[in-house]
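Everything on this sheet refers to the single structure shown next.
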Amino acid sequence: MVTLIDNLKGKLGKQDIALAAAASSSLPLAGRVDGLQAGREGGALPLSDALHDPLPAAAQPPSPQGGGMDGGVSCHAGKEQLQEAARAAGKSEVLDQYAKDYPLGPHDQPQSMCPAFGSLRVGLRMKRTATILSGSACCVYGLTFTSHFYGARRTVGYVPFNSETLVTGKLFEDIRDAVHLMADPALYDAVVIINLCVPTASGVPLRILPKVIDGVRIIGIDVPGFGVPTHAEAKDVLAGAMLAYARAEAEQGPVQAPRAGRSQRPTVSLLGEMFPVDPVGIGQMLEPLGLAAGPVVPTREWRELYAALDCQAVAAIHPFYTASIREFETAGRPIVGSAPVGHDGTDAWLSAIGEACSVPAALVSAAKDKFLPAIRGALAAKPISGKITVSGYEGSELLVARLLIESGADVKYVGSACPKTRWSEADLAWLENRGVEVQFRASLEQDLRAVDRYQPGLAIGTTPVVQHAKERATPSLYFTNLISARPLMGVAGAGSLATVVNAAMANKARFDVMKDFFEGVGEGENAGIWQDTPRDRPEFKKKQLAKLAAMQAALNNSLEKPIGETV
Numbered sequence: 001m002v003t004l005i006d007n008l009k010g011k012l013g014k015q016d017i018a019l020a021a022a023a024s025s026s027l028p029l030a031g032r033v034d035g036l037q038a039g040r041e042g043g044a045l046p047l048s049d050a051l052h053d054p055l056p057a058a059a060q061p062p063s064p065q066g067g068g069m070d071g072g073v074s075c076h077a078g079k080e081q082l083q084e085a086a087r088a089a090g091k092s093e094v095l096d097q098y099a100k101d102y103p104l105g106p107h108d109q110p111q112s113m114c115p116a117f118g119s120l121r122v123g124l125r126m127k128r129t130a131t132i133l134s135g136s137a138c139c140v141y142g143l144t145f146t147s148h149f150y151g152a153r154r155t156v157g158y159v160p161f162n163s164e165t166l167v168t169g170k171l172f173e174d175i176r177d178a179v180h181l182m183a184d185p186a187l188y189d190a191v192v193i194i195n196l197c198v199p200t201a202s203g204v205p206l207r208i209l210p211k212v213i214d215g216v217r218i219i220g221i222d223v224p225g226f227g228v229p230t231h232a233e234a235k236d237v238l239a240g241a242m243l244a245y246a247r248a249e250a251e252q253g254p255v256q257a258p259r260a261g262r263s264q265r266p267t268v269s270l271l272g273e274m275f276p277v278d279p280v281g282i283g284q285m286l287e288p289l290g291l292a293a294g295p296v297v298p299t300r301e302w303r304e305l306y307a308a309l310d311c312q313a314v315a316a317i318h319p320f321y322t323a324s325i326r327e328f329e330t331a332g333r334p335i336v337g338s339a340p341v342g343h344d345g346t347d348a349w350l351s352a353i354g355e356a357c358s359v360p361a362a363l364v365s366a367a368k369d370k371f372l373p374a375i376r377g378a379l380a381a382k383p384i385s386g387k388i389t390v391s392g393y394e395g396s397e398l399l400v401a402r403l404l405i406e407s408g409a410d411v412k413y414v415g416s417a418c419p420k421t422r423w424s425e426a427d428l429a430w431l432e433n434r435g436v437e438v439q440f441r442a443s444l445e446q447d448l449r450a451v452d453r454y455q456p457g458l459a460i461g462t463t464p465v466v467q468h469a470k471e472r473a474t475p476s477l478y479f480t481n482l483i484s485a486r487p488l489m490g491v492a493g494a495g496s497l498a499t500v501v502n503a504a505m506a507n508k509a510r511f512d513v514m515k516d517f518f519e520g521v522g523e524g525e526n527a528g529i530w531q532d533t534p535r536d537r538p539e540f541k542k543k544q545l546a547k548l549a550a551m552q553a554a555l556n557n558s559l560e561k562p563i564g565e566t567v
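Each step along the sequence shown adds one to the number in my numbering, with nothing skipped, and position 299 is 299.
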């Protein structure tokens, strides 16, 4: 992790502020993107700059309001207080858009990792893209650790702050200096700066950063835990912001072509992260239709965004990428939900793609005749037998459940931390018609109750679900590492889950032996070997809870005091 401000040698001189900001996102693209043609091979677009020093008065960031952080807002404040502070600091429009794009109901925010991890992951996976965080040091440490735990090979930038820089607006100046420091066109196409909870709640205005510096695009987004429900949706926050910027560039004139050149056939862009084999398999299924697989969004390089927009249709493999879908729809691109998963899913998906791309019915039928028998054969060759529950926060839970059912499994419950959208309706209907309980915005408690209620032979889920199941001698698999890290689409996906699922369920006898062996050692606060087994002390717990409540009330009261007043 690099602390950018530590690298600054005094104040930077004159700052490059772009006058040629991206065109309004409300401008529609006419037909196919005429501007998406072979562009310049090097660097980015030659947008004009102007110089300024310092910020004009009209662009000065507002002073944060609210209690805590000596006038800012504390990261220990509750969700409601953070939202209130953010709205008071001018972030209402951002929060309202997030509430519309990523609705919470029927439950509150699910229990998952910090949402900002999703946006950070997207930035770190892109070539020639610098990603910078602005937030509390503990949050930045955790996000950096998690990113590199999951294989990130790029540096995470960090703009630190303290009470003074947060309240006086110096934090914004530090961020501005940091993006100028990083905006080297020889190294980067884009610099992404992400506000975490406290800078968002304090109103740090990334929107007034320059849009481009020396040809390097500047993308500023707010990704607060109190505004974006899951890390899966935070991927869409950054992907949507990048698509909006790229679409505006394409409306202004020629842009860079893909490294391999433009496809000779109309393409279908793929929306949502997926196993690397899946885009290849999808491309094979599209070939008989006269189509080709386009880029996967989120992309791995800026120039791929233009190619993604330059498509015939968009396959919303992950149906909750609402901001990205909005950009594609503004560009006039039809959206196709679901995915080519299993026999039924592939059958319906090929028909929907054919209709969206005006492919002759004969070609669609020929493609089905080629791939559907192979998928049916692969499913039959590797059957799965047993009762299963599925839960996760990746967004592909319904697709996995469909594939398991077509493999022969008895799936009782599917819980997803992501929301229901109109692009998930086909998968929902297919599952409910087969008696599956489907819960969007599922809480951990709902997932655990499903394991207890259905007593599955295998529980697929998040880490606490896996732990809960194993404590009950139920075989279980972690969804992210063991299920979603496998092909799901087409022929390759048809038999991909059987080996790991059947092997896990075959371990039931081993779990029973282990449970019998450790029976009686206790659990929770009684776990271990004791001369005198600890007994519950509800009166002591009640006394301690009262003390904690009093301390919290005193803290809240101090946070509400104006600067200079004593508690």
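Each residue gets a CB set at the ideal place from its N, CA and C atoms; glycine is no exception.
Going by DSSP, Leu166 is part of the alpha helix (DSSP H) stretching over 163-168.
Residue pairing by DSSP places Ile219 opposite Val192 in a beta bridge. About 23 Å separates the Cβ atoms of Ile193 and Gly151, ruling out a contact at the 8 Å cut-off. The continuous beta strand (DSSP E) containing Glu437 extends over residues 437-440. The residues Ser476, Tyr478, in chain order, have a CB closer than 6 Å to that of Val466 in the same chain once the five nearest residues on each side in sequence are set aside.
In this structure, Gly283 lies away from Val198, with their beta-carbon atoms at least 8 Å apart. Note on Leu548: under 16 other CB atoms within 10 angstroms of its CB, so exposed under the neighbour-count rule. Under a 10 Å Cβ-count criterion, Gln544 is classified as exposed, with fewer than 16 other Cβ atoms of the shown protein chains found around its own Cβ. A straight line joining the alpha-carbon of Ala361 with that of Leu289 spans about 9 Å. Counting along the chain, the unbroken alpha helix (DSSP H) around Asp344 starts and ends at 342-356.
In the DSSP annotation of this structure, the continuous segment of the beta strand (DSSP E) that includes Gly294 starts and ends at 292-297.
Tyr141 counts as exposed, since fewer than 16 other beta carbons sit within 10 angstroms of its beta carbon. In the pairwise beta carbon analysis, the segment 391-399 is classified as touching the segment 408-420: at least three pairs are separated by under 8 Å.
A straight line joining the alpha-carbon of Phe540 with that of Ala546 spans about 10 Å. Here DSSP, grouped into helix, strand and coil, assigns Val359 to coil. Per DSSP, Gly118 is one residue of the alpha helix (DSSP H) stretching across 116-124. With distances taken between CA atoms, Glu525 lies nearest to Arg535 out of Arg326, Phe517, Arg535.
Assignment of Asp236 by DSSP, reduced to helix, strand and coil, places it in the helix class. Here Gly493 carries a helix assignment [DSSP, helix/strand/coil].
Here Ser269 is not near Pro298, since their CB atoms are 8 Å or more apart. The Cβ atoms of Val228 and Pro103 do not sit closer than 8 Å to each other. With respect to Ser147, Leu120 sits close: the two C-beta atoms are nearer than 8 Å. For Pro464, same chain residues with a beta-carbon under 7 Å away, outside a window of 5 residues either side, are Leu444 in chain order. Per DSSP, Ala257 lies in no beta strand (DSSP E) and is assigned neither H nor E. Around the CB of Trp302, 16 or more other CB atoms lie within 10 Å, so the residue is classed as buried. Where Ser324 is concerned, the enclosing alpha helix (DSSP H) starts and stops at 322-330.
Considering only Val390, Leu488, Val94, the residue with the shortest C-alpha distance to Gly281 is Leu488.
Rounded to the nearest whole angstrom, the C-alpha separation of Thr480 and Ser496 is 15 Å.
The segment 347-364 and the segment 502-509 do not touch, with fewer than 3 CB-CB distances between them shorter than 8 Å.
Within the same chain, and ignoring the five residues on either side of Ala504 in sequence, the residues whose Cβ sits closer than 6 Å to its Cβ are Leu458, Pro475, Leu477. For Ile388, the enclosing beta strand (DSSP E) starts and ends at 387-392. The three-state secondary structure of Gly377, taken from DSSP, is helix. Distance between Pro383 and Val94, taken at the CA atoms: about 47 Å.
Bounds of the alpha helix (DSSP H) holding Gly281 are 277-286. The three-state reading of DSSP puts Gly520 in coil, since its state is none of H, G, I, E or B. Residue nearest to Met126 within the set Val191, Ile175, Gln97, Lys91 is Val191 (criterion: CA-CA distance).
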